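For the sequence shown, our numbering gives the first residue as 369, with consecutive numbering after it.
Before any comments, here is the structure.
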Amino acid sequence: MHAYRIDGLIPEPFAALFALDDQALRAHGMRRVTADSPTGYPCRVSLDEAAPGERLLLLTFEHHACDGPYRASGPIFVREGAVRAPTLHNRLPAILATRHLSLRAYDADGGMLHARALEGREAEAAVQELLDDPRVAQIHAHNARYGCFLCRIERD
């Protein structure tokens, strides 16, 4: 088994954004949303689902800040008042289990080596298969349907 780790995002850069009104958020390409179901609002800070009634921001986040052609940003949800998830070692967050996923494996220079589309229940096996390639430094998990960046899986 290959060792890996997953960290939630640091919440502080997002905290002040919740004080902005809707017009200011829109001017920065963000939206305030309220979760209306127990699934569908995966927080990138806490690595769990927002509960119905919780407020979140939907915003663009640069998740792959490399200097090459695979530099990428995409949508993420951040729950108001979210606490950063503890580092997960060799364990995927539950938010992956029920989604159709896109896994993208990158080398240390940010070049894409492999990509897979799969059901969340297949994610652990796919992560291990991708990490079989010693060039893989990290894997990005995205919601394959809506495109949200869910987490970065780093070789540990």
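The C-beta atom is built at its ideal place from N, Cα and C for all residues, glycine as well.
As the structure is a prediction and not an experimental result, all values here were calculated from the model.
query                                                                                                          : result
Inter-stretch contact at 8 Å, needing at least 3 Cβ pairs: the segment 409-424 / the segment 482-493           : no
N- and C-terminal bounds of the alpha helix (DSSP H) containing residue 385                                    : Here residue 385 belongs to no alpha helix (DSSP H), and DSSP marks it neither H nor E.
Residues bridged to residue 372 [DSSP beta-bridge criterion]                                                   : 523
Reduced DSSP secondary structure (H/G/I, E/B, other) of residue 463                                            : helix
For residue 446, the three-state DSSP class (helix, strand or coil)                                            : strand
Any 3 or more C-beta pairs closer than 8 Å across the segment 380-393 and the segment 431-441                  : no
Where residue 490 falls: helix, strand or coil (DSSP)                                                          : helix
Rounded distance between the beta-carbons of residue 458 and residue 372, thought under 8 Å                    : 6 Å
Element boundaries [beta strand (DSSP E), containing residue 473]                                              : 468-474
Collapsed DSSP secondary structure at residue 377 in the structure displayed                                   : coil
Classification of residue 474 by the beta-carbon crowding that lies within 10 angstroms, buried from 16 upward : buried
Three-state secondary structure (DSSP) of residue 525                                                          : Residue 525 lies beyond the residue range present for the chain, which begins at 369 and ends at 524; the question has no answer from this structure.
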